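Worksheet for the structure shown next.
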Amino acid sequence: MNDLILYFIAGGFVVTAIIVFNHKKQKNKLNAFVMEAEKAPSLLMIQSVERKLNNIYGSLYDNGVRTEGEPNGKKLQLIQELETLETAYADKKIGLRDYNDRLQQLQLKTSKL
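Just so you know, we're using the UniProt record's numbering here: the sequence shown kicks off at 1 and counts up by one.
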């Protein structure tokens, strides 16, 4: 009978140890997953940037299609600003959030054309 009690106690310790170690392992996996997700750009922000770019292209070019004629004046300045902004983002000189903010400002400027 005493041996049976010792086996139950030892089994209880083993089961408890397995549960504790598994919990720590799962917690570390979850923390790594959350940290990775925080570093990834937001899908909503990417969609917002795409919509702004489409709107800006539609305003600066004839419905998003570049024409043979050279734009002049304010339109040319905005096109150059857009190209500079796109180059800076492509070269990773600015982040997605900053790119989105600058596109918002550019979109406001193009809406005044």
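All residues carry an ideal CB built from backbone N, CA and C; glycine is no exception. Model, not experiment: these values are computed from the prediction.
Distance, residue j Cα to residue i Cα
{"i": "Q26", "j": "V20", "result": "10 angstroms"}
{"i": "K109", "j": "L78", "result": "8 angstroms"}
{"i": "K39", "j": "A90", "result": "18 angstroms"}
{"i": "S59", "j": "K112", "result": "10 angstroms"}
{"i": "G73", "j": "N54", "result": "21 angstroms"}
{"i": "K93", "j": "Y99", "result": "10 angstroms"}
{"i": "L6", "j": "F33", "result": "41 angstroms"}
{"i": "Q80", "j": "M45", "result": "23 angstroms"}
{"i": "D62", "j": "I56", "result": "11 angstroms"}
{"i": "D82", "j": "D101", "result": "According to the sequence as given, residue 82 is Leu; it is not Asp. So the two alpha carbons sit approximately 13 angstroms from each other."}
{"i": "V14", "j": "D3", "result": "16 angstroms"}
Helix, strand or coil at residue i [DSSP, three-state]
{"i": "D101", "result": "helix"}
{"i": "D62", "result": "strand"}
{"i": "N72", "result": "coil"}
{"i": "residue 120", "result": "No answer is possible for residue 120: it lies beyond the span of the chain, which begins at 1 and ends at 113."}
{"i": "K92", "result": "coil"}
{"i": "V48", "result": "At residue 48 the sequence reads Ser, which differs from the Val that was named. In the structure shown, S48 sits in a helix (DSSP, three-state: H, G or I)."}
{"i": "A40", "result": "coil"}
{"i": "M1", "result": "coil"}
Residue closest to residue i, alpha-carbon to alpha-carbon, out of the options
{"i": "L43", "options": "Y61, L96, L82 and L103", "result": "L96"}
{"i": "K52", "options": "K75, E86, K29 and A32", "result": "E86"}
{"i": "Q104", "options": "V49, D3 and F13", "result": "V49"}
{"i": "K75", "options": "K29, L106 and A88", "result": "L106"}
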